[in-house]
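Q:
Residue numbers (my numbering), protein chains in the order written: chain A, 1 to 411; chain B, 412 to 822.
What follows is the structure, given as structure tokens:
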């Protein structure tokens, strides 16, 4: 594992108890940053993400698992840069093995529902009694110890997010990107690494506790919607922003373009692109306040111009005038952006035996370090693939102990 | 500043050159984690966010600045836990002052457009020549050195996000939460803290480079949409998920509820809540596959039941049956959730002289540490409020030097 030496978190070992999406996303980021992530799975089937359709194997993509070689795309995405180890945490011998792992680790990460980790005997209290330097990170629906079963859509509903998109009076808008499951892990990684840094000073670990609802609510609240609305600023305004014009999404003959041109100079650029420079002299459009007051008329001019044009042509005309403009891309085009690809912000998914999966771009690590390498460089493990490596080489178990654990169903 | 001793980043000093939203959100998080953040602003007006309506002052909220006491809500949100210092970076004496700041700092954070920092003479090369231990974090639209002017809506358009919500064939859906501006800063904080941890090992700083487009694209790509669609899984499915039923958003007499009940047990709970336990025996609804095949009929039953009921009553009926359900809350209700408030995930904004602003809840730090205090405990500074503290007490400048810098317009 010498390639890990160059990641910013090289030397950090994470015991990863997480399953599903939110927890595994946090630990995959720690792995991409160079930590040694030991993913613990129940020997009876492992992380349920292994059973999410679609699968990839020698026969390509399919909705049903065809052979043992097939692995779920979910696991191929979220299992990257992790070592796969089995341990049945309900087995009487499991707690001793867990304690040995903890003695060799810096971080434990879990996303059990409230009370489960303690019931299994692997909660923060036990873990810190084994190793007081452990940073123990809990990712939960509503906060450590707070009961309640959450899912991404539940967090989106409760956080206000669904009432922040669309236009006033519209039904709630669910985001197709599961921000309810994805923003908490980002804060959990921040908390984990910050606690590791604090440990350099204090010599002590601690419990880091992140709620998925809390994380999404906090992020959404960076724009204080209520305060804005009390001040008379309508906030639920669909694809436009009332204080900005020209601004919005416009249909073309084969797609849509986003135009963000609220300054005088940008507005003149828009008029030039439209071949209508005289609109810059039209008193409805000469100042920012005037344009905002006459936004519907202004946006109608742009819409009429864009509608018959191919997207590429509309974007080129606006770009030539220096106007901030963008194609509204679909996800498949977005992940293929050459700059994004070159920076490793998206990356080909790979199967552990079959290698890179043609055309299947997954999430990359969107952080570049000048003095470290980071990113996903190892495919997801098979269930228990690294049992020998972890139990023998890291924990130092002998062959006999390993055989005993295997025979008893502990691993 | 003794209260900072207890934050996980206590002892870390950040020179903050950022303006607008993305950069300042990253540095406000560093401040909430206990770093000493020195926000550098041009003495001629400072961060443009100081001029965003609405404002808050003795007369309350208003769309126009009424007196010098009035401060923008944007700055009251994003300036928290920062020291306010003026420095005109175009002034001939500024580079020496900047170098002195860098000698006393651990982190520099900037979000200039490509080339600007180098043109001002404060790019990574100069900065690291002054202090090789500096972690220099750049947040840019498309990556350090890549030209192009981005805005949140541009990132949303290019990242595929707008084509991931709504239903296939719908126009693009713009998120009201500016995820294009907000996810990059989270990765920037992760990169910054990880680089600080690496520095403990190597003694060297480095350049950390985060692109806002790259961050949003990477986050959205955690679900590999293209791969899913090639496997026959339609992904743009509005408020429903085709593989899950019952699942979705249902209108009530006074709002909406989100129901996520795809398992057999949850489905039976839904039928019990509807007072229609016999639906559990209906062969269209007995298995998960059957429910998915008959999802429209199933969802019609729930919709008809929910429509005349007050939200509270619908939620209570489903909760009694153990079904994962949530009120679709608006932002104002969301930020007032008692658990969220108690955990500090939202927090009252405060004016530096007038104190807490009634009813105005802003973003809190959604990370709880068992052995550290963290969160926003100091209001945004006035422009230059901490010049004396920073220039005299941190840099050790004498009164004469300070007077000279002031007289020459450098600070």
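Beta carbons are placed, not taken as given, at the ideal position from N, Cα and C, and that holds for glycine. Owing to the predicted nature of the structure, the values given are computational and were not obtained by experimental measurement.
Could you give the distance in angstroms between the alpha-carbon of residue 444 of chain B and the alpha-carbon of residue 418 of chain B?
A: Rounded to the nearest angstrom, the two C-alpha atoms are 5 Å apart.
Q: Exposed or buried, residue 804 of chain B, counting other C-beta atoms within 10 Å across all chains shown (16 or more means buried)?
A: Counting Cβ neighbours within 10 Å, residue 804 of chain B comes out exposed, since fewer than 16 surround it.
Q: Listing by chain order, which chain B residues have their CB less than 7 Å from the CB of residue 367 of chain A?
A: The contacting residues are 598, 601, 602, 619 and 621.
Q: For residue 486 of chain B and chain A, any beta-carbon pair shorter than 8 Å?
A: For residue 486 of chain B, the answer is no, since every Cβ of chain A falls outside 8 Å of its Cβ.
Q: Is residue 105 of chain A near residue 134 of chain A, with beta carbons less than 8 Å apart?
A: The answer is yes: Cβ separation under 8 Å.
Q: Can you tell me whether residue 485 of chain B is helix, strand or coil according to DSSP?
A: In the structure shown, residue 485 of chain B sits in a helix (DSSP, three-state: H, G or I).
Q: Where are the alpha helix (DSSP H) runs, 4 residues long or more, that stay fully inside the segment 214–287 of chain A, in chain order?
A: Listed in chain order, they are 225–230 and 264–273.
Q: Mind checking who residue 38 of chain A pairs with in its DSSP beta bridge?
A: A:15 and A:83, per the DSSP bridge assignment.
Q: Classify residue 592 of chain B as helix, strand or coil using the three-state DSSP reduction.
A: Helix, per DSSP.
Q: Measure the Cβ-Cβ separation of residue 621 of chain B and residue 606 of chain B and say whether it is below 8 Å.
A: No.
Q: Can you confirm whether the segment 162–171 of chain A touches the segment 179–189 of chain A when touching is taken to mean that 3 or more C-beta pairs between the two stretches lie within less than 8 Å?
A: Counting Cβ pairs under 8 Å, fewer than three are found: no touch.
Q: What did DSSP end up calling residue 369 of chain A once you bin it into helix, strand or coil?
A: Looking at residue 369 of chain A - three-state DSSP - the assignment turns out to be strand.
Q: Ordered along the chain, which non-local residues of its own chain (more than five positions away) have a Cβ less than 8 Å from that of residue 499 of chain B?
A: These residues qualify, in order along the chain: 453, 454, 455, 505, 820, 821 and 822.
Q: Label residue 287 of chain A either buried or exposed according to how many other C-beta atoms from any shown protein chain fall within 10 Å of its C-beta, with 16 as the threshold for buried.
A: So residue 287 of chain A ends up on the exposed side.
Q: From the beta carbon of residue 520 of chain B, is the nearest beta carbon of chain A less than 8 Å away?
A: It does not: the Cβ of residue 520 of chain B has no partner Cβ on chain A nearer than 8 Å.
Q: Do residue 845 of chain B and residue 678 of chain B have their C-beta atoms within less than 8 Å of each other?
A: Residue 845 of chain B is absent from the structure shown; chain B starts at 412 and stops at 822.
Q: Kindly examine the ligand MN and report whether one of its heavy atoms sits closer than 7 Å to the Cβ of residue 279 of chain A.
A: The model depicted lacks the ligand MN and carries no ligand whatsoever.
Q: Note down, in chain order, every chain B residue with its Cβ under 7 Å from the Cβ of residue 102 of chain A.
A: Those within 7 Å of residue 102 of chain A in chain B number zero; the least Cβ separation is about 16 Å.
Q: Using the beta-carbon of each residue, which ones in chain B are nearer than 8 Å to residue 397 of chain A?
A: Residues of chain B passing the Cβ test: none, with the nearest at roughly 28 Å.
Q: Let me know the beta strand (DSSP E) ranges lying completely inside the segment 114–151 of chain A, each 3 residues or longer, listed in chain order.
A: The qualifying runs are 135–140.
Q: So is residue 501 of chain B buried or exposed if we call it buried at 16+ other beta carbons inside 10 Å?
A: By the neighbour-count rule (16 or more Cβ atoms within 10 Å), residue 501 of chain B is not buried but exposed.
Q: Give me the residue from A:336, A:120 and A:386 with the minimum Cα distance to residue 92 of chain A.
A: The shortest Cα separation from residue 92 of chain A among A:336, A:120 and A:386 belongs to A:120.
Q: Does the Cβ of residue 481 of chain B have 16 or more other Cβ atoms within 10 Å, making it buried, or fewer, making it exposed?
A: It counts as buried.
Q: What residues are listed by DSSP as bridge partners for residue 165 of chain A?
A: Answer is none; residue 165 of chain A lacks a bridge partner.
Q: Buried or exposed for residue 521 of chain B, please, with buried defined as at least 16 other CB atoms from any protein chain shown within 10 angstroms of its CB.
A: That one is buried.
Q: Checking the sheet assignment: what are the DSSP bridge partners for residue 467 of chain B?
A: B:472 and B:482, per the DSSP bridge assignment.
Q: Going along the chain, which residues of its own chain have a beta-carbon closer than 6 Å to the beta-carbon of residue 380 of chain A, five neighbours each way excluded?
A: 75, 76, 79 and 80, listed in sequence order.
Q: Where does residue 290 of chain A fall in DSSP's three states?
A: The answer is helix: DSSP assigns residue 290 of chain A an H, G or I state.
Q: Indicate whether residue 518 of chain B and residue 425 of chain B have their beta-carbon atoms separated by less than 8 Å.
A: Going by C-beta atoms, residue 518 of chain B is nearer than 8 Å to residue 425 of chain B.
Q: If contacts are defined as beta-carbon pairs under 8 Å, then residue 639 of chain B and residue 54 of chain A qualify, I think. What distance do you get, rounded to the angstrom?
A: That pair is a contact at about 7 Å.
Q: Taking 8 Å as the threshold (beta carbon to beta carbon), is residue 151 of chain A in contact with chain B?
A: Yes, because at least one Cβ of chain B sits closer than 8 Å to the Cβ of residue 151 of chain A.
Q: Shorter than 8 Å from the beta carbon of residue 271 of chain A to some beta carbon of chain B?
A: Chain B contact via Cβ: absent.
Q: List, in chain order, every chain A residue whose beta-carbon is nearer than 8 Å to that of residue 716 of chain B.
A: Chain A residues near residue 716 of chain B: none, gap ~17 Å exceeds 8 Å.
Q: Where do the N-terminal and C-terminal ends of the alpha helix (DSSP H) with residue 302 of chain A fall, by residue?
A: Here the alpha helix (DSSP H) through residue 302 of chain A covers 295–306.
Q: Per the DSSP calculation, residue 21 of chain A is bridged to which residue(s)?
A: The partner list for residue 21 of chain A (beta bridge, DSSP) is empty, contrary to what the question assumes.
Q: Does any residue of chain B bring its CB to less than 8 Å from the CB of residue 54 of chain A?
A: It does: the Cβ of residue 54 of chain A has a partner Cβ on chain B nearer than 8 Å.
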